[in-house]
Structures are given as C-alpha cells and as structure tokens.
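**Student:** The numbering used here applies: residue 205 is where the sequence shown begins, and numbers increase by one.
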Amino acid sequence: MKPLDELAILLRPAGGGVYVISTGKAEQEALQRTIYGVAANADPAEIQAKWRSALERVQSARIAILGIPSDVGAGFLRGANMGPSAIRHALHEDAAFTKSMDARGIVDVGDVFVVPQILHDDMLSADQIRATRAAIYPNQKEDFPVSPLSIAERALDLLFAINPKIKPVLIGGDHSCAWPASISLSRHVKEPWAIVQIDAHTDMLEERLGIKYCFGTWSFHASKLFDRPDKMVQVGIRATRHERGHWENTYGIRQFWADQCLANPSESIDAIVAHLKKVGAKCIYFSNDIDGTDEAFADATGTPEPNGLKPEMVTALIERLGKEFDVCAGDVMEVAPPIPRHPGGSERTVALAVSYLKTTIDAMLVK
Numbered sequence: 205m206k207p208l209d210e211l212a213i214l215l216r217p218a219g220g221g222v223y224v225i226s227t228g229k230a231e232q233e234a235l236q237r238t239i240y241g242v243a244a245n246a247d248p249a250e251i252q253a254k255w256r257s258a259l260e261r262v263q264s265a266r267i268a269i270l271g272i273p274s275d276v277g278a279g280f281l282r283g284a285n286m287g288p289s290a291i292r293h294a295l296h297e298d299a300a301f302t303k304s305m306d307a308r309g310i311v312d313v314g315d316v317f318v319v320p321q322i323l324h325d326d327m328l329s330a331d332q333i334r335a336t337r338a339a340i341y342p343n344q345k346e347d348f349p350v351s352p353l354s355i356a357e358r359a360l361d362l363l364f365a366i367n368p369k370i371k372p373v374l375i376g377g378d379h380s381c382a383w384p385a386s387i388s389l390s391r392h393v394k395e396p397w398a399i400v401q402i403d404a405h406t407d408m409l410e411e412r413l414g415i416k417y418c419f420g421t422w423s424f425h426a427s428k429l430f431d432r433p434d435k436m437v438q439v440g441i442r443a444t445r446h447e448r449g450h451w452e453n454t455y456g457i458r459q460f461w462a463d464q465c466l467a468n469p470s471e472s473i474d475a476i477v478a479h480l481k482k483v484g485a486k487c488i489y490f491s492n493d494i495d496g497t498d499e500a501f502a503d504a505t506g507t508p509e510p511n512g513l514k515p516e517m518v519t520a521l522i523e524r525l526g527k528e529f530d531v532c533a534g535d536v537m538e539v540a541p542p543i544p545r546h547p548g549g550s551e552r553t554v555a556l557a558v559s560y561l562k563t564t565i566d567a568m569l570v571k
C-alpha cells in the first residue's frame, strides 16, 4: 500500500478525530465545512474529497499540521481532546493566515481518530486490538494501529516517507501526544536535534501507576532517545515534589525554572540558546505545554499553575530559536477549552495557543 493511501485510512479530515454520533455532530460538521470551504447543503463527500486533495499536497509541503484530539493520557482534569477543534476554529477566523497556507507550503493533514478509552497499542491485549481494528477499519486486512499515540506515530512516519523534509506541527491533546513526534523524529531527523519543552511540570516519570506512556512520562522516554540526555531542555518548571536539582542530577536533563526566567527573560533565552549550541543541536522540536505559561494567561488547561512564564518570553524564545536553529517540529498541547477557571479563560487560552502556533510555524519556515 502506498504511504498516501495508508495515511488516508489512518486519519480523518481536520476536526473529525473526536468520535461523535449525535451530540456534537453538528458542531463538528460545521467546523469541517469551514475548514474545507464546503457549503452547508453540499454533499459530505466533498469534505472527503478536499481532505484527500490536501493529503496529496504533503509531497511538496514544508509543514504538515496534525491534530491529536486525545486526553486519554491526561491526569487531574480532562478536556484537552477539544483543544484541536477550538484552535482550528480560531485559526480559520484569521482569513489572512488560511489564505496564505498554500503559498507558504502549509497543509493540514487532518486528525488522528481517537477511541477515547485507549492510549497506546502496547497497553492492549491482542483481542482488544483485533476488536478495535475491526471497528475503525472495516474491510481492511492490514494490521493498522488503533490507539491515538500509536496511530500518530505511524502517521508521522508516513508523512516522512512521503516527504523526508516535512516539518510536523501537532495540535493536542494532552502532553502524551508529544511522544509519537519524539520517537518518529528520532528515526527521521538526520541532523543532531534536541527538544525544548515549555512546561510547568517535568513529565519525567519512568511510569505512572504502571503506565509507560502518558502526560507525566513522555519526557523521560524522549530523553532516552538522545546520545546525551541534556538535549532534553525544559523551560518554565515550577510544579514538582522534588527539590530543584533532583531531575538534572538524576537524569542529566537541563532545566530552566520559571522563577529564573521571570527574573531575567533575555538572559534566560541567551542561556537556553548557549546550552543548545553546547550540546551540538542543529534542529529543535519545540513542544509547548500551555501550562508552562502563567495561569493568568492560560487557565483553560488540566493543571494550570501560577508564577509561570509570560507570553512575551515564550514568543521571544520561539523567534530566537527560529533564527539560531532549524525548528524541525512544533506543537501546542494541553489546551482544554471546556475547563476554564475564570470567566473568559477559554477564549484567552485558545487565543494564546493560536498565537504560539503561528509564531512556531513562522520560526519553522525561517530555514
């Protein structure tokens, strides 16, 4: 099977990754009609046709946007499964951005389809995999993955098979959705690379309640992909039960805590860049958990934290990384529109996520 044909089986049109039957169906279809420019009275097959046309543009594209609407790997509060649809809705309110996508080589390849009770195929029995495979891939005999993280990993591998120079941008989803990007990049990026992770939390558990891959463990496993663990660089850390030196001393990663970033943002950015150059990084995966930003600006997330990064520093860091390195992948994670803590929180958080996403795309297009 050709990679493009397999990709069309694994994914769904943008906005279609959340499983709905009746409740939410009208909203999902309205978003898809907006994304694909399809009239309300048009045949739904037109959405499929325009999405397939978008997939074909991967061969010549520079950036591929992939939604992973899964909060199966989350912890305290859920709702990040609605992040991709809210972010896309806001993106498509910006006519200038959407009209520029083709000219700039940006293609939205759609969504990973999410069965909301499963996370990774390694966690499932053979019987469960067979049952879910029959449900979501009827009339297909191939051993396709069935869980959101496993589907995302395979989809990213296929994108690189179609276009080795493609740069993926993920819209999550909880932060476990950064794991498939990390493992796929480790196979396909030829230059020395590193991860810059914006986050209030370390996500450095080896396992959580016996679960290997989730929002609290992905960074631990991603750090093991590098020849030296300090190519995992975390910025904005402030919520951990361990003392400050624990994670660096135990695992060898590099952390820039929120208080030092707040005290001197420009010096912190300089130090981050200097460290990345010291470890020989040429390419950067910029993974942006929205809770790395202070909760005053981003409270619609599962675990908002006070005393976090200011948006101005995060934006300045993204722009600097684009000038100094090849930003080869990016994401925005943990945006959870259904659970704001304060009036207007959903709108503020989504608007900030869209701003970060646009800035990240701009940085990725520099080189």
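No residue lacks a Cβ here, since even glycine has one placed at the ideal position from N, Cα and C.
Check R334 in the structure and name its three-state DSSP category.
**Tutor:** Here residue 334 refers to the residue found at position 130 of the sequence shown. Helix at R334.
**Student:** Could you check how far apart the C-beta atoms of R524 and I473 are, in whole angstroms? I think they sit under 8 Å.
**Tutor:** By one-based count along the sequence shown, residue 524 stands at place 320. By one-based count along the sequence shown, residue 473 stands at place 269. Yes, R524 and I473 are in contact; Cβ-Cβ is about 5 Å, under 8 Å.
**Student:** Should the segment 284–296 be called in touch with the segment 374–390, which here means at least 3 C-beta pairs below 8 Å?
**Tutor:** At 8 Å Cβ cutoff, the stretches touch.
**Student:** Counting C-beta neighbours from all protein chains within 10 Å, is the total for F280 16 or more, i.e. buried, or is it exposed?
**Tutor:** On the sequence shown, residue 280 is found 76 positions in, with the first residue counted as 1. Result: exposed.
**Student:** Output the boundary residues of the alpha helix (DSSP H) element that contains A540.
**Tutor:** The residue you call residue 540 lines up with position 336 of the sequence shown. From DSSP, A540 is part of no alpha helix (DSSP H); its letter is neither H nor E.
**Student:** Hey, out of D431, Q332, E528, K514, whose CA is closest to Y560's CA?
**Tutor:** Here the question's residue 560 lines up with position 356 in the sequence shown. It is K514.
**Student:** Could you name the residues that DSSP lists as bridge partners for K371?
**Tutor:** The sequence position of residue 371 within the sequence shown is 167, counting from 1. In the DSSP output, where bridge partners are listed per residue, K371 has I267.
**Student:** Apply the 10 Å Cβ neighbour rule to L389 and answer buried if 16 or more other Cβ atoms are within range, or exposed otherwise.
**Tutor:** For this step, residue 389 is matched to residue 185 along the sequence shown. Buried is the call here.
**Student:** Residues bridged to R458 by DSSP?
**Tutor:** Position 254 of the sequence shown, counted from the first residue, corresponds to residue 458. In DSSP, R458 forms a bridge with V437.
**Student:** Would you tell me roughly how many angstroms separate the C-alpha atoms of P349 and L214, rounded to the nearest one?
**Tutor:** As a working mapping, residue 349 is identified with position 145 in the sequence shown. As a working mapping, residue 214 is identified with position 10 in the sequence shown. Straight-line Cα distance between these residues: approximately 8 Å.
**Student:** Pick from R308, G512, W383: whose alpha carbon is nearest that of K428?
**Tutor:** The residue you call residue 428 lines up with position 224 of the sequence shown. Nearest C-alpha to K428: W383.
**Student:** What residue from M517, I267, L259 has the CA that sits closest to K206's CA?
**Tutor:** The count along the sequence shown starts at 1 and reaches residue 206 at position 2. Among M517, I267, L259, the Cα nearest to that of K206 belongs to L259.
**Student:** With a CB to CB cut of under 7 Å and the five nearest residues on each side skipped, what residues in its chain are close to A212?
**Tutor:** By one-based count along the sequence shown, residue 212 stands at place 8. Around A212: R256, L259.
**Student:** Rank A557, A540, P352 by C-alpha distance to the C-alpha of V316 and give the top, closest one.
**Tutor:** Within the sequence shown, residue 316 is the residue found at index 112, counting from 1. Among A557, A540, P352, the Cα nearest to that of V316 belongs to P352.
**Student:** Does DSSP classify F348 as helix, strand or coil?
**Tutor:** Residue numbering aside, residue 348 sits at position 144 when the sequence shown is read from its first letter. The answer is coil: DSSP assigns F348 none of H, G, I, E or B.
**Student:** Which two residues bound the contiguous alpha helix (DSSP H) that contains T526?
**Tutor:** Here residue 526 refers to the residue found at position 322 of the sequence shown. With the sequence shown as reference, residue 526 is identified as Gly, and Thr is not the correct amino acid for it. G526 -> alpha helix (DSSP H) spans 515–528.
**Student:** Excluding the five sequence neighbours on either side, which residues of its own chain have a C-beta within less than 6 Å of the C-beta of Q236, listed in chain order?
**Tutor:** Counted from its first residue, the sequence shown places residue 236 at position 32. Cβ within range, chain order: P217, G219, I251.
**Student:** Using DSSP with H/G/I as helix, E/B as strand and the rest coil, what is Q236?
**Tutor:** Reading the sequence shown from its first residue, position 32 is the one you call residue 236. Q236: helix per DSSP, three-state reduction.
**Student:** Return the residue from the list M568, T507, A533, D530 that minimises the CA-CA distance to A540.
**Tutor:** Position 336 of the sequence shown, counted from the first residue, corresponds to residue 540. Taking only the C-alpha atoms, the option nearest A540 is T507.
**Student:** Could you tell me how far apart the beta carbons of I267 and K371 are, in whole angstroms, since I believe they sit closer than 8 Å?
**Tutor:** Taking the first residue of the sequence shown as 1, we reach residue 267 at position 63. Taking the first residue of the sequence shown as 1, we reach residue 371 at position 167. Right, their Cβ atoms sit about 5 Å apart.
**Student:** Beta carbon of R442, beta carbon of W422: below 8 Å?
**Tutor:** Translated into positions along the sequence shown, residue 442 becomes position 238. Translated into positions along the sequence shown, residue 422 becomes position 218. Going by C-beta atoms, R442 is not nearer than 8 Å to W422.
**Student:** Could you round the C-beta distance between M537 and I494 to whole angstroms and report it? I think they count as a contact, below 8 Å.
**Tutor:** Here residue 537 is taken as the residue at index 333 of the sequence shown, counted from 1. Here residue 494 is taken as the residue at index 290 of the sequence shown, counted from 1. The Cβ separation is near 7 Å, so the contact holds.
**Student:** Would you mind reading off the limits of the beta strand (DSSP E) that contains D495?
**Tutor:** Start at 1 with the first residue of the sequence shown, and residue 495 comes out as number 291. Run containing D495: none; DSSP gives neither H nor E here.
**Student:** Quick one: residues in its chain with C-beta nearer than 6 Å to the C-beta of G549, no 5 flanking neighbours on either side, listed in chain order?
**Tutor:** Numbered from its first residue, the sequence shown carries residue 549 at position 345. Excluding residues within five positions, the ones whose Cβ falls inside 6 Å are D503, A504.
**Student:** On the CB-based measure, 16 or more other CB atoms within 10 Å of its CB, does S274 come out buried or exposed?
**Tutor:** Counted from its first residue, the sequence shown places residue 274 at position 70. S274 comes out buried.
**Student:** Residues in its own chain within less than 7 Å of Q344 by CB, not counting five upstream and five downstream?
**Tutor:** Numbered from its first residue, the sequence shown carries residue 344 at position 140. Contacts found: I213.
**Student:** So, helix, strand or coil for I565, using DSSP?
**Tutor:** In the sequence shown, counting from the first residue as 1, residue 565 sits at position 361. Looking at I565 - three-state DSSP - the assignment turns out to be helix.
**Student:** Taking contact to mean at least 3 C-beta pairs separated by less than 8 Å, is the segment 413–420 in contact with the segment 387–401?
**Tutor:** Contact between the segment 413–420 and the segment 387–401 is absent, because fewer than three Cβ pairs lie under 8 Å.
**Student:** Taking I488 as the reference, which of P396, E297, L409 has the closest Cα?
**Tutor:** Locating residue 488 in the sequence shown gives position 284, counting from the first residue. Looking at the Cα atoms, P396 is the closest of the given residues.
**Student:** Quick one, which of G283, Y417, E447, G456 has its alpha-carbon nearest D574's?
**Tutor:** Only positions 205 to 571 of the chain appear in the structure, and residue 574 is not among them; the question remains open.
**Student:** With DSSP as the reference, label A278 as helix, strand or coil.
**Tutor:** For the purposes of this step, residue 278 is taken as residue 74 along the sequence shown, with counting starting at 1. If DSSP states are grouped into helix, strand and coil, A278 belongs with coil.
**Student:** Suppose you measure from the CA of A335 to the CA of L323; what does that come to, to the nearest Å?
**Tutor:** Residue mapping note: residue 335 aligns to position 131 of the sequence shown, counting from 1. Residue mapping note: residue 323 aligns to position 119 of the sequence shown, counting from 1. About 15 Å.
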